[in-house]
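Note sheet for the following structure.
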Amino acid sequence: MSDILDQYAEVVGTNVMDHLGQLAEQLKGLKVVHVNSTKEGGGVAEILRKFIPLKQALGIDATWEVIDGDQDFYQCTKGFHNALQGNQVYLNESQLQAYEETNRRNAEKLCPILEDADIVFIHDPQPAPLLNFCKNRRGKWIWRCHIDVSRPYRPVWKYMKNWVSSYDASIFSLPEFAQRLPHHQYLISPSIDPLSEKNIDLPDEEVRAVFDEFGLDPDLPMVTQVSRYDLFKDPIGVIESYKLAKRLTPLQLVLAGGGATDDPEGEAVLEMVRNAAEGDPDIHVLVLPPDAHRKINALQRASDIVMQKSTKEGFGLTVTEAMWKGKPVIGGDTGGIRLQVINHYTGFLVSTPEGAALRVRYLLHRRDRLREMGQWARKLVKENFLLTRQLKEYLALMISLLIGEHERLELCDECPF
Amino acid sequence: MENACNGDNENDCTSEYYQFHVRDCALVSIATGHRAQNLREFAHELGEVNPGSIYHHFWGRLMFPTFAEPEYNNDFASWASHALHEKALAERLSMIDPAEHDDIESLRREVIEIVESRLDESEMVPWARTDQQFHFLRSQIVVLDTGRVIENPPDLSYVVPELTRGSVFYHFIDARRRTDTHSDDFSAWLEGFEGRYSDLCRKLEALDPYFSPLEEIQVMLCELFGDYFGNGGYK
Chain V
0 MSDILDQYAE VVGTNVMDHL GQLAEQLKGL KVVHVNSTKE GGGVAEILRK FIPLKQALGI
60 DATWEVIDGD QDFYQCTKGF HNALQGNQVY LNESQLQAYE ETNRRNAEKL CPILEDADIV
120 FIHDPQPAPL LNFCKNRRGK WIWRCHIDVS RPYRPVWKYM KNWVSSYDAS IFSLPEFAQR
180 LPHHQYLISP SIDPLSEKNI DLPDEEVRAV FDEFGLDPDL PMVTQVSRYD LFKDPIGVIE
240 SYKLAKRLTP LQLVLAGGGA TDDPEGEAVL EMVRNAAEGD PDIHVLVLPP DAHRKINALQ
300 RASDIVMQKS TKEGFGLTVT EAMWKGKPVI GGDTGGIRLQ VINHYTGFLV STPEGAALRV
360 RYLLHRRDRL REMGQWARKL VKENFLLTRQ LKEYLALMIS LLIGEHERLE LCDECPF
Chain E
0 MENACNGDNE NDCTSEYYQF HVRDCALVSI ATGHRAQNLR EFAHELGEVN PGSIYHHFWG
60 RLMFPTFAEP EYNNDFASWA SHALHEKALA ERLSMIDPAE HDDIESLRRE VIEIVESRLD
120 ESEMVPWART DQQFHFLRSQ IVVLDTGRVI ENPPDLSYVV PELTRGSVFY HFIDARRRTD
180 THSDDFSAWL EGFEGRYSDL CRKLEALDPY FSPLEEIQVM LCELFGDYFG NGGYK
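In the order they appear, the protein sequences are chains V and E.
Going by numbering that gives the first Met the number 0, 384 is the number at position 385 of the first sequence; the sequence numbering is gapless.
Going by numbering that gives the first Met the number 0, 69 is the number at position 70 of the second sequence; the sequence numbering is gapless.
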């Protein structure tokens, strides 16, 4: 086994890696190309950075291409992103032209590679029109949508649908996100990488160091929410729940999120959060740089309970991260949080600050339950939400697309068909 | 079931040459496009969806994120309880045992019957929140040969603990819709040993897979084979 396969085998077990090997055996030597719009930053790039070497180690000829664009292009695609998540965004003709022109220009460079590939994965809306420009394509093309499109702004979705309808299949993260499209829509939930800086095991001293670094009290129970400063993440509700719980249970609250300089709305929310926290030395509002992965990792590990009290959430990978670290999660009863927080087992689903406060008090009072739920949380993630599971589903999907769309695909000589 | 013989001619098979080929499988979920916001829509869509969707929500779910102690053991019952707050309906749906049905259409009819009875009893049509629609899914199964072969039944006691979830699903769950006798692959294989393991087959038949997640099913199988053949494997 190669080094990278060995590293994952240590975390997920050899059975899982053997299973991946068996699936990949069917795809050996195939040319698989992933295309997205950024090499750095964002969840897609993070996943691809691991997927590509893993697929290569499994014998698949996998490569990763990135399209480039100018400011107009990225403004337009940011508009798409917001609109597909439900915001009313008006895009003018010149923005759409910049979008199409950028894709046409990138196609000139990429078409020879893409037309030669057996399978092409196009990630998110940015490179979606590429298919239209690669007229001599021979392989299967799949549009992978990572965005919550459960309630898209319809005019923008209608425009986007024109580009994605011609694909051979699409992939969405949750059933709620699937749309009416003339091809198979596969469902593959996101995952976390157990070997990334965000999730890798840390030495105890590195975890303990966050108490000094951020002025936290090592003797006080710690509740943490990690998320950007966004009203949908309900940071004000988290502070309210902390204040309610604190009347009877000593504790401290950490809100950790990224900077908000390029996001006027985020800056306003951060200001609201700081106002709500004012005067309480046990509320710590942290603004961390986007690459502070190990710090976030250490904060999650140093916490007793992790909260994700969102009122709207796509999947909620911060929930997955916390659960992987053996923390019970008190989460908003919405979106992908429901898939992960199994009420009363891996944490609690709540709808109000009062509900969250009650669960905080309960877990801090019942340490046995806190530990037990943390163990269940880690087990659930290990079995369902690690990168290897997502890769397994990608491999199965590729086999399915290449071999046929039967309900059963039996890849062994003596299997009954 | 792969009661595969070494010989080319099936008639050549004797107990000594019977082999159990261990398979593994992966499931891929596919959206059917059918969804329901309320109980009436749910009843309608139940009649329309691909039969694979009915199977998925009873059995295929075992291969997807689940938990050791699910409150309800099929997705229809869970939705009735959590999204519609219809506890009575959830309990009735939960009592359906899919293993009792010879085919999916008969199972589909029973689900529809229960849902329609509840609609008849209700003053109002139970409705789910916008973000709690029921999404009918189906799945594709990809079956692989692990290359592992079991020559002797006592080997089951040490091979089964090492199986993946996919293998347990394929041989103990999927087998029931794949074989004419609707039995699991282990029983079908053991039946071929001229009655030598008929008591073990009866014990296997008594294992109800419907109420447990795959991990628990695997534990039950390990205990059963371990007890029967002894810890070292050979009785």
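Note that CB positions come from ideal geometry on N, CA and C, so glycine has one too.
Between leucine 29(V) and isoleucine 118(V), the C-beta spacing is below 8 Å.
Glutamine 74(V) has a beta carbon lying at 8 Å or more from every beta carbon in chain E. Rounded to whole angstroms, the Cβ separation of proline 193(V) and tryptophan 323(V) is 7 Å, and the two are in contact under 8 Å. Counting along the chain, aspartate 367(V) sits inside the alpha helix (DSSP H) bounded by residues 366-383.
According to the DSSP assignment, methionine 322(V) belongs to the alpha helix (DSSP H) that extends over 316-323. At a C-beta separation below 8 Å, lysine 391(V) has these neighbours in chain E: Ala25.
Taken through DSSP and simplified to helix, strand or coil, asparagine 81(V) comes out as helix. In this chain, the alpha helix (DSSP H) harbouring alanine 42(E) covers 38-47. Two segments are said to touch when three or more pairs of C-beta atoms, one from each, lie closer than 8 Å; by this definition the segment 276-287 of chain V does not touch the segment 195-209 of chain V.
DSSP places valine 88(V) in the coil class of the three-state scheme, outside both helix and strand.
Secondary structure at tyrosine 196(E): coil, using DSSP grouped into helix, strand and coil.
The beta carbon of methionine 16(V) lies closer than 8 Å to those of Met0, Leu4, Tyr7, Ala8 and Thr387 in the same chain, with the five residues before and after it left out. Residue-level contact by beta carbon fails for alanine 82(E) and chain V, as no gap is shorter than 8 Å. Against chain E, the CB of asparagine 14(V) has a partner CB under 8 Å away; the residue lies at that interface. Taking a Cβ-Cβ threshold of 8 Å, the residues of chain V close to histidine 134(E) are Pro174, Glu175 and Ala177, in chain order. Taking 8 Å as the CB threshold, leucine 410(V) lines the interface with chain E. Contact between the segment 114-128 of chain V and the segment 140-153 of chain V is present: 3 or more CB-CB pairs across the two stretches fall below 8 Å. For serine 28(E), the enclosing beta strand (DSSP E) begins and ends at 18-35.
Counting C-beta pairs closer than 8 Å gives fewer than three between the segment 145-157 of chain V and the segment 288-307 of chain V, which falls short of the contact rule.
Taking CB atoms only, glutamine 217(E) has no neighbour in chain V less than 8 Å away.
Cβ-Cβ separation between valine 349(V) and arginine 358(V): approximately 6 Å, consistent with a contact (criterion under 8 Å). Within chain V, no residue has its CB atom less than 7 Å from the CB of threonine 180(E), the nearest being about 13 Å off. Excluding residues up to 5 positions away in sequence, Gln18 lie with their Cβ nearer than 7 Å to the Cβ of glutamate 150(E) in the same chain. Note on asparagine 161(V): under 16 other CB atoms within 10 angstroms of its CB, so exposed under the neighbour-count rule.
Separation of histidine 170(E) and phenylalanine 135(E) (C-alpha to C-alpha, rounded to the nearest whole angstrom) is 25 Å.
It is roughly 25 Å from the alpha-carbon of phenylalanine 210(E) to the alpha-carbon of isoleucine 187(V). Any Cβ of chain V closer than 8 Å to the Cβ of valine 159(E) would place that residue at the interface, and such an atom is absent. Glutamate 409(V): member of the beta strand (DSSP E) spanning 407-409, first to last residue. Around the beta carbon of glycine 330(V), a 10 Å sphere encloses 16 or more other beta carbons of the protein chains shown; the residue is thus reported as buried. In chain order, His183 place their CB closer than 8 Å to the CB of glutamate 404(V), counting only its own chain and leaving out the 5 sequence neighbours on each side.
Rounded to whole angstroms, the gap between the alpha carbons of lysine 157(V) and arginine 179(V) is 11 Å. The DSSP-derived three-state label of glycine 225(E) is helix. For the pair leucine 45(E) and arginine 107(E), the CB atoms are nearer than the 8 Å cut-off. Taken through DSSP and simplified to helix, strand or coil, phenylalanine 135(E) comes out as strand.
In the assembly as shown, methionine 62(E) is a buried residue. Its beta-carbon has 16 or more other beta-carbons within 10 Å.
Distance from the CA of phenylalanine 57(E) to the CA of lysine 38(V), rounded to the nearest whole angstrom, comes to 41 Å.
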